[in-house]
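Trainee: My questions all concern the structure below.
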Amino acid sequence: MKRLSILSLLCALTSVTLAQSTISGKLVDSAEKSPIEFASVALYQQSDSSLVTGTVSNTDGSFTLSKIKTGQYYLNIQFMGFQGRFVSDLSLSRKEDMELGVIELTPDDQLLQELVVSGQKVTTMHKIDRQVYEADQFQSSQGGTATDVLRNMPSVSLNTEGDISVRGSTGFVVLLNGQPVQSDPKMLLSQLPANSIQNVEVITAPSAKYDSEGKSGIINIVTTQNATDGLFAQINTKIGLPSIECYDNKEAAQRYGADFTLNYRKNKWDFALGAAYLRNDKSGRREGDVWTEIGDKRTEFPSDGERSFDEENYSGRLAIGFRPDENNDFNVSFYGGKRSKDRTADIYYDNKTYHLPDGTQTGAFDYYNENLRIRTSDFALGSFDYSHRFANSSQISVSALYEYTLLGGPTTNRNLDSNWPENQTIYDDEYNTNDNPLYGTRFNLDYEFAPSKWGQWTIGYQFRNLDHQGDFYYEAYNFDSDQWEMIPEYSSNLNLKRSIHSGYVNLSGEKGKWNYGIGVRSELMDRQLDYQGREAGAQKEVLNYDYFRLFPSASLQYAMSEDLKLKAAYSKRVERTTTFKMNPFKEKEHSETLEQGDANLLPEFIDLVELGVIKEFNDHSVFATAYFRHTQNVINRVNTVDSDTVLNRIYTNIGTGQAIGLEIGSDLQLNKWWKLYAGGNIYNYHIDGTFNNANINTSAWQYNLNVNTTFQLTSTLDLQWSLNYLSERVTAQGKDSRYYSPNLTLRKTFLDDRLTTTLQWINMDMGLLDTNEQRITTSGNYIDPADSIQKTFYTTTNYVYEVDMIMVNISFKFNKLKNKAKFAESEFGDKEF
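22 is the number of the first residue of the sequence shown in the numbering used here; add one for each residue after it.
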């Protein structure tokens, strides 16, 4: 009996192994009877519509799906320019080769028009909780990075420093393909090639399943995806022509780079390899005017000189995916690299002092400040992801990430004779260096199921841990002793440890004309900050801060008709600060500026409510969203007078902030060759708080506008013009001026769209405009509690950066398959860089 059972089992296993079949056929154009190459053929389970396998048709239109187990299936065949086709009721009960013969696809006149006139492709898609933007519709970003893509979103704006804000706030979280990536977009997005992005999702009121961080919500970058076997290979290159404006900078700006991605997928395995190099310099100048009044002494120190950036990035990535069956999916990824950003600020100062009672000049001193700040980051990280789908279509997912980043870089700061380099007099020579190793871990466990008619339930748990150490060392050269000496007031040790446990439950579904989502996320955070100065006898200080909070969310959408929808949402968020902003010791940035954090800095807590309407008609769509955002513990950078010629910039909580605004956007196909996309955001921002016993009560209407229009000159040649405009904005102690950047792009495709070339004219100016300039102004008047002396300051600085930049970009795809590489991204280090 035992032998028979074993024999029966072996026979059963053999029959299962052998009962694998193939499905083949040939795709042709029903009108011309010609074969269709590169059409997508996907096989699905009849029972639950789960994807089994897929392929693309060959040059003769033929396709073959192999190693198919017994069961009930259907085919979904898709190709741009043709109507999709389903082949249903494919029943395989034993080993057999099913030949479907010739399958005809019918041309779709509307889609064929879109192929001929590529400008007719939809730019914006609207969902219940997000706006989705097609990245390839913004041609000025092609050959660039994700930052160039984002600048075209209606609620997104950039300033001269490259800082990205959403609805007027820089606090938002970045996701890559839906995975948590808490990073400073200024650094992370500057490394992600625009060519690899399929679309960008702006989620302003995220549900509870997302991390609660980000007062402006979430930006999800979705890379290109593909479910078929084969090799994907793409190379992108960019080079900048010599600068038209030099700005009297010491060195000419250099702009060039290249990246490649190789992705091979075969049966159960998916291998991806990528590397990138980018040199992206920016020339410019800084024009400043500053004065301070301390008691009866007034000091003026206007300045003018170079302010430029040299940026260089190297990175390499490896990803391995394994899918043993349709229910299990494993992914391992490694990412490492080096990056540096050098900021040169070589400034001439013309200092004068006056006696306030009678206004007489009491002194004058001119000098030249040579300043170079080098910011470096060497990083390495690895991630693991696993998901399992059960027979009832529920799914469990596990992911883990570990990151090591070494941040650092010196700052050299020298005061020289104003006739430098003719005269060799050095007044002061100072050196500031720091090493900041960072260790970060993240673990996620998520489970999705649909137990009832109410919809889809998602529950999950997340753990995150950050350990960031800092060693800051400041030295000055003693000309008398001919030695470098440490400056204790600018030197310190710092260590931030933060752990977060969070769990959530979320329900989403639809009923009739209603779509809905509701959930809550609980979060337990524990933060410990250790710091110690280097003065003699300095003691270590230990500060602890923790909280347990609930972060509820809800969204609702009602379809009044097929093309008219109303929606509403609420979300509670938190914005945790970086370690840099919590360092209570002063750091000397350059001659006139110190920077300092606040060891007791509290997180910002945000409540957001929004109401929206979406209208679609023919080839057009418009939307409008009204929103209200209330922020507790607003963090702002404010100035104080450190000495007569030095201001101290401090990051601190100043009070509350409120923004009420309207976001609008339109996607208009004006005719077959002209497409217009325009979006904007107008809002009133009010800050109410105190600093240095002085009340802060500022309020103003401000806005940003993004326009993008495309002219289809031929089927392979188009011209696109874009404008990014940011209005004047208020801050706690002043205002930032308007900023704008117009750009023009000419794109030509060859070899059936495999080769794409673009010629870009960035920051159009021609000496007629004030493109790529922004003035920042602050002022204050207070009684210093340390010495009870009245102190007043005023500072205004105009940052003038390079215009009329010409870039050439070339992108080549070796085949038409799309990349499915699932690379890991930095979660911790980028935010501190």
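A virtual CB, placed ideally from N, CA and C, is assigned to each residue, including glycine.
Source: prediction; values computed, not measured.
What do you reckon, are the CB atoms on residue 340 and residue 352 nearer than 8 Å?
Mentor: Cβ distance < 8 Å, so residue 340 and residue 352 count as in contact.
Trainee: Restricting to runs no shorter than 4 residues, where is the alpha helix (DSSP H) found entirely within the segment 697-754?
Mentor: You should have found no qualifying run.
Trainee: Quick one: what's got a C-beta closer than 7 Å to residue 447's C-beta in the same chain, skipping five residues either side?
Mentor: 435 and 437
Trainee: What does the alpha-carbon distance come out to for the pair residue 391 and residue 363?
Mentor: 13 Å
Trainee: Quick one: is residue 581 buried, meaning 16 or more other Cβ sit within 10 Å of its Cβ, or exposed?
Mentor: exposed
Trainee: Rounded C-beta distance between residue 758 and residue 795? I'm assuming under 8 Å.
Mentor: 6 Å
Trainee: Any chance you could list the beta strand (DSSP E) runs of at least 3 consecutive residues sitting entirely within the segment 567-644, in chain order?
Mentor: Counting whole runs of 3 or more residues, the segment 567-644 contains the beta strand (DSSP E) stretches 585-596, 608-611, 614-617 and 625-638.
Trainee: If you run the structure through DSSP and keep just helix, strand and coil, what is residue 510?
Mentor: helix
Trainee: Nearest CA to the CA of residue 713: which residue from 328, 753 and 333?
Mentor: The candidate whose alpha carbon is nearest that of residue 713 is 753.
Trainee: Could you tell me the distance, in whole angstroms, from the CA atom of residue 816 to the CA atom of residue 324?
Mentor: 11 Å
Trainee: Counting along the chain, where does the beta strand (DSSP E) carrying residue 327 start and finish?
Mentor: 324-346
Trainee: In three-state DSSP terms, what is residue 535?
Mentor: Secondary structure at residue 535: strand, using DSSP grouped into helix, strand and coil.
Trainee: Can you pull the DSSP bridge partners for residue 386?
Mentor: 372
Trainee: Taking residue 76 as part of the beta strand (DSSP E), name the residues at either end of that continuous run.
Mentor: 72-77
Trainee: Please list the segments of the beta strand (DSSP E) lying wholly inside the segment 790-840, counting only runs of 3 or more residues, in order along the chain.
Mentor: 794-804, 811-822 and 826-834
Trainee: Rounded to whole angstroms, how far is the Cβ of residue 698 from the Cβ of residue 688, which I believe are closer than 8 Å?
Mentor: 5 Å
Trainee: Give the secondary structure of residue 505 by DSSP, where H, G and I count as helix, E and B as strand, and everything else as coil.
Mentor: strand
Trainee: Under the three-state reduction of DSSP, which class applies to residue 493: helix, strand or coil?
Mentor: strand
Trainee: Out of 470, 626 and 633, which one is the CA nearest neighbour of residue 656?
Mentor: 626
Trainee: Any idea what DSSP makes of residue 516, helix, strand or coil?
Mentor: strand
Trainee: At what residues does the beta strand (DSSP E) containing residue 13 begin and finish?
Mentor: Residue 13 lies beyond the stretch modelled for the chain, which goes from 22 to 854, so this question has no answer here.
Trainee: In whole angstroms, give me the CA-to-CA distance for residue 490 and residue 526.
Mentor: So the two alpha carbons sit approximately 34 Å from each other.
Trainee: Go to residue 312, then tell me how far its beta strand (DSSP E) extends in each direction, as first and last residue.
Mentor: Residue 312 -> beta strand (DSSP E) spans 305-315.
Trainee: I need the straight-line Cα distance from residue 555 to residue 805, nearest angstrom please.
Mentor: 25 Å
Trainee: Indicate the three-state DSSP secondary structure (helix, strand or coil) for residue 122 in the structure shown.
Mentor: strand
Trainee: If residue 238 sits next to residue 226, beta carbons under 8 Å apart, how far is it from one beta carbon to the other, in whole angstroms?
Mentor: 7 Å
Trainee: Would DSSP call residue 268 helix, strand or coil?
Mentor: coil
Trainee: Specify the secondary structure class of residue 367 as computed by DSSP and reduced to three states.
Mentor: strand
Trainee: To the nearest angstrom, report how far apart residue 77 and residue 605 are at their CA atoms.
Mentor: Straight-line Cα distance between these residues: approximately 59 Å.
Trainee: Among the candidates 502, 518 and 415, whose CA atom is the shortest distance from the CA of residue 479?
Mentor: 415
Trainee: When DSSP labels each residue in this structure, what does residue 227 get in the three-state scheme?
Mentor: Residue state, collapsed to three classes: coil.
Trainee: Evaluate contact between the segment 354-362 and the segment 303-310, counting only Cβ atoms and requiring at least three cross-stretch pairs below 8 Å.
Mentor: Short answer: they don't touch.
Trainee: Any contact of the segment 651-666 with the segment 610-624, i.e. 3+ C-beta pairs under 8 Å?
Mentor: yes
Trainee: Report yes or no: do three or more beta-carbon pairs, one from the segment 281-297 and one from the segment 627-643, lie closer than 8 Å?
Mentor: Touching, no, given that fewer than three Cβ pairs across the two stretches are closer than 8 Å.
Trainee: What separation, rounded to the nearest whole angstrom, lies between the Cα atoms of residue 483 and residue 537?
Mentor: So the two alpha carbons sit approximately 24 Å from each other.
Trainee: Which word fits residue 443, buried or exposed, when buried means at least 16 other C-beta atoms lie within 10 angstroms of its C-beta?
Mentor: Classification of residue 443: exposed, given that the 10 Å Cβ count is below 16.
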